[in-house]
Amino acid sequence: MKPIYMNNCITSQPAPEVVDAMLPYLREKFQFPENFIKTGTERANELSIFKEIIAESINAQPAGLHFTSSGTEANNLAIKGYLSANAHRGNHIICSVVDYPDILTNAAYFEESGFEVTYLRCDEYAFIDLDELQEELRADTILVMTTLANHTVGTLQDVKTISQLIRDSASEAALFVDACQAYGRYAIDVEEMGIDMMSISAHKIHGPQGIGALYIRSGISIAPTKHGVNRIDPLSTGGLSIANIAGFAKAVELAFSDFDENVKYIRELSRYLCESIERKIPYTMLNGAPCEYRVAHNVNISFDFIEGEAIMMMLDQYDINVATGSACFSEGLQANYIMMAMGRNHEQSHSSMKFTLSRYNTRAEVDYVVEKLTEIVAELRRRSPLYLDFLEKNK
Amino acid sequence: MQYSQKVLDHFMKPHNLGKLENANAEATEGSPACGDQVSIWLQVNDETQIIEDIGFLSYGCASNIATASIITDMAKGKTIDEAKALSWKEAAEELDGLPPVKMHCSVLAVDTLRKAIKNYELSHKLITEDKAGLSKERVLAELATILYPKVGEDLISLKMVKYVGVDENGIVTVDIDLPKFDQFRGNIADEVKEHLEKLPDVKEVHVNL
Chain A
107 MKPIYMNNCI TSQPAPEVVD AMLPYLREKF QFPENFIKTG TERANELSIF KEIIAESINA
167 QPAGLHFTSS GTEANNLAIK GYLSANAHRG NHIICSVVDY PDILTNAAYF EESGFEVTYL
227 RCDEYAFIDL DELQEELRAD TILVMTTLAN HTVGTLQDVK TISQLIRDSA SEAALFVDAC
287 QAYGRYAIDV EEMGIDMMSI SAHKIHGPQG IGALYIRSGI SIAPTKHGVN RIDPLSTGGL
347 SIANIAGFAK AVELAFSDFD ENVKYIRELS RYLCESIERK IPYTMLNGAP CEYRVAHNVN
407 ISFDFIEGEA IMMMLDQYDI NVATGSACFS EGLQANYIMM AMGRNHEQSH SSMKFTLSRY
467 NTRAEVDYVV EKLTEIVAEL RRRSPLYLDF LEKNK
Chain F
52 MQYSQKVLDH FMKPHNLGKL ENANAEATEG SPACGDQVSI WLQVNDETQI IEDIGFLSYG
112 CASNIATASI ITDMAKGKTI DEAKALSWKE AAEELDGLPP VKMHCSVLAV DTLRKAIKNY
172 ELSHKLITED KAGLSKERVL AELATILYPK VGEDLISLKM VKYVGVDENG IVTVDIDLPK
232 FDQFRGNIAD EVKEHLEKLP DVKEVHVNL
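Chains as they are written, first to last, in this note's numbering: chain A, 107 to 501; chain F, 52 to 260.
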């Protein structure tokens with residue numbers, strides 16, 4: 107069996123077509139876009155086509171799309187750029203306890219520098235509390251931030267309702283959406299959903315690493331966060347890789363050429379993985395929203411009595427790559443904050459496993475993973491004093 | 052950061068796994084909330100005081116299982132006095148090293164072994180229950196068993212503890228010097244609280260970072 111990759115929420119394998127589309131730009135078509143000279147205008151024309159392809163996938167105007175070197179850079183440009191250009195309009199921003207770290211660390215940074223931040227609560231499925239949002243919106247609220255698909259449990263926030271609530275309130279806040287996990291797996295229409303700014307990233311959808319983009323609605327003012335030479339984009343100064351942008355556009359073409367079928371395939375595979383685990387392994391629990399309310403590729407399950415890093419390390423011995431919410435695998439040795447915010451206990455957090463699939467995964471791979479997982483969970487439970495206690499209590 | 056081959060070998064095929072049915076001492080340390088718990092069972096020869104058999108169960112990560120496996124290997128065949136002297140550093144060295152962030156697993160494995168031996172000694176009247184109350188020395192000794200995960204050394208050796216206060220009402224105050232954006236702030240605060248709350252006569256623990 108070749109290595110099995112089910113960690114697509116972190117990064118994903120570049121499509122072969124993406125690599126082919128990039129190669130000419132790494133060889134002879136390496137020049138930056140420029141005026142008047144032949145190679146420069148050719149690159150400029152190609153760049154505008156790539157922009158159109160990507161903008162169309164979210165129903166945006168190409169002029170609203172700004173390339174960045176990553177999703178995180180897009181998030182920083184949105185938050186820092188917007189707040190520095192709009193601080194005179196108000197002092198209050200809103201996000202939620204289940205947002206992506208980029209949003210939360212930026213919120214903490216601005217809180218430190220004098221902004222007032224409201225962190226919305228969430229329910230047991232990681233849906234944010236929309237009643238609370240309605241109550242918290244006020245005249246001096248200038249920015250509302252949300253993460254479209256939760257990076258840990260895949261829960262999709264109701265962005266359309268969020269933007270409606272902002273419009274119906276006394277606030278003139280802009281809505282910023284981190285869509286890096288959802289993009290390419292969930293239909294996004296920035297017009298219909300009322301999104302003012304949105305970040306996306308290429309490497310989560312089989313594009314190259316090192317390129318992302320920020321959509322900014324016309325009329326929203328943003329200050330540059332990097333000052334320097336204007337090569338491609340005044341909001342993201344300096345050189346950006348044309349090869350990466352070419353690869354990004356190709357990845358978008360592939361994901362969106364047969365979007366509904368693509369998403370359906372991944373969703374059904376996720377459902378099959380989820381149902382196979384529930385059928386074959388006792389004492390498990392799905393974390394996050396039910397299938398139809400979560401992004402297509404995310405399956406997050408806790409396995410009682412055992413610890414996630416051990417499960418992950420054993421799967422790794424079979425060349426199966428997945429992620430865990432265990433503290434033992436976290437940067438700060440702490441329980442996963444998304445799991446805790448949903449009201450799970452520490453053990454459920456430590457035993458949570460995250461499988462994120464892609465169109466390159468197959469049913470045969472899912473079968474193999476579930477087979478190995480069944481053996482591994484049984485073996486680790488055999489070693490666990492918690493399982494022994496459980497068995498002795500239930501004799 | 053990676054595990055040594057020896058850690059992976061002990062993790063995949065642990066030695067001395069399982070509860071001993073004829074054990075004459077046992078101990079469980081750690082807690083599920085922290086994501087690691089180890090139980091150790093001993094069968095000690097009452098005449099020679101040699102650990103003739105030993106078994107363990109572990110709820111925890113790969114290095115938690117591997118350190119419990121190696122410490123039980125090291126203790127087997129030794130007298131209880133020899134086994135008591137085993138250190139977490141020796142156990143980690145025996146595994147060809149551990150990543151700094153995983154050193155606390157070795158501490159837990161050694162603590163569990165020592166607790167099991169102590170339980171044996173208590174039940175066989177070799178020692179009497181420690182009646183010493185709460186003191187600053189006791190708190191400092193406990194803090195010396197908590198590791199700073201970034202480097203895998205204890206808080207006292209690293210001179211990170213700036214103040215320890217113990218008052219007559221059992222309120223313990225500890226000041227720890229940590230950089231403002233240290234990734235382990237939450238972990239250290241939890242660990243210190245959990246360790247100190249277990250000491251006798253402690254009513255409240257305040258940790259200032």
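All C-beta atoms in this analysis are idealised placements derived from N, C-alpha and C, irrespective of residue type, glycine included.
The shortest CA-to-CA distance from Leu479/A to any of Gly353/A, Leu492/A, Asp422/A is the one to Asp422/A.
By the 16-neighbour rule on beta-carbons within 10 angstroms, Val217/F is buried. Listed in chain order, the positions of the stretch 77-88 of chain F with a beta carbon within less than 9 Å of a beta carbon of chain A are Thr79, Ser82, Pro83, Ala84, Cys85, Gly86, Asp87, Gln88. Sequence-distant Cβ neighbours of Ser55/F in its own chain, meaning closer than 7 Å and more than five residues away, are Leu146, Asp147, Gly148. Taking one beta carbon from each stretch, the stretch 343-363 of chain A and the stretch 213-233 of chain A have fewer than 3 pairs nearer than 8 Å; the two do not touch. For Ile101/F and Val259/A, the gap between their C-alpha atoms comes out near 51 Å. For Asp124/F against Asn67/F, the beta-carbon gap comes to about 7 Å, under 8 Å, which counts as contact. In its chain, beyond the 5 residues on either side, Ala78, Glu80 have a beta carbon closer than 7 Å to the beta carbon of Lys166/F. By the C-beta criterion, the stretch 484-501 of chain A is judged not to be in contact with the stretch 130-146 of chain A, since fewer than 3 inter-stretch pairs fall below 8 Å.
Beta-bridge annotation (DSSP): Leu198/F is paired with Asp205/F.
DSSP, read as helix, strand or coil, puts Ile143/A in coil. Straight-line measurement puts the Cα of Cys228/A at about 7 Å from the Cα of Val204/A. With a cut-off of 8 Å on Cβ pairs, the stretch 188-203 of chain F is in contact with the stretch 243-250 of chain F, counting three or more such pairs. Within chain A, Leu439 have C-beta atoms less than 7 Å from the C-beta of Pro200/F, given in sequence order. Between Ala280/A and Met304/A, the beta carbon gap of about 11 Å keeps them out of contact (Cβ cut-off 8 Å). With the rule of 3 Cβ pairs closer than 8 Å, the stretch 228-248 of chain A does not count as touching the stretch 365-374 of chain A. Close CB contacts of Met418/A within its chain, under the 8 Å cut and outside five residues either way in sequence, are with Val428, Ala429, Thr430, Ser432, Phe435, Met459 (chain order). Pairing Val401/A with Tyr292/A gives a Cβ-Cβ distance under 7 Å.
A check of alpha carbon separations from Thr390/A across Ala255/A, Asp246/A, Gly187/A, Asp410/A identifies Asp410/A as the nearest.
By the neighbour-count criterion, in which 16 or more other beta carbons inside 10 Å mark a residue as buried, Ile155/A falls on the exposed side. Neighbours of Pro65/F across chain A, judged by C-beta separation under 8 Å: Arg489.
The beta-carbon separation of Leu249/A and Leu271/A, rounded to 14 Å, does not stay under the 8 Å limit for a contact. Interface annotation, Glu218/A: not in contact with chain F, CB-CB separation never under 7 Å.
In the three-state reduction of the DSSP assignment, Phe282/A falls in the strand class, which pools E and B. Ser157/F sits away from Ala134/F, with the two beta carbons spaced by 7 Å or more.
Closer than 7 Å at the C-beta level to chain A, one finds these residues of the stretch 103-114 of chain F: Leu108, Ser109, Tyr110, Gly111, Cys112, Ala113. For Gly237/F, the chain A residues whose C-beta falls within less than 7 Å of its own C-beta are Gly438, Gln440, listed in chain order. Nearest to Glu477/A by alpha-carbon distance, out of Ala308/A, Ser382/A, Gly325/A, is Ser382/A. In this chain, the alpha helix (DSSP H) harbouring Ala355/A covers 348-363.
Around the beta carbon of Arg489/A, 16 or more other beta carbons lie within 10 angstroms, which makes this residue buried. Distance from the CA atom of Asn197/A to the CA atom of Leu260/F, rounded to whole angstroms, is 29 Å. Residue nearest to Ser307/A within the set Ala245/A, Glu179/A, Lys501/A, Leu379/A is Glu179/A (criterion: CA-CA distance). Counting only Cβ-Cβ distances below 8 Å, Phe411/A has contacts in chain F at Tyr110, in chain order. Note that the C-beta distance between Tyr321/A and Gly177/A is not below 7 Å. One thing to note: Thr462/A has its Cβ within 7 Å of the Cβ of Cys115/A. With a 10 Å radius around the Cβ and a threshold of 16 neighbouring Cβ atoms, Thr179/F comes out exposed.
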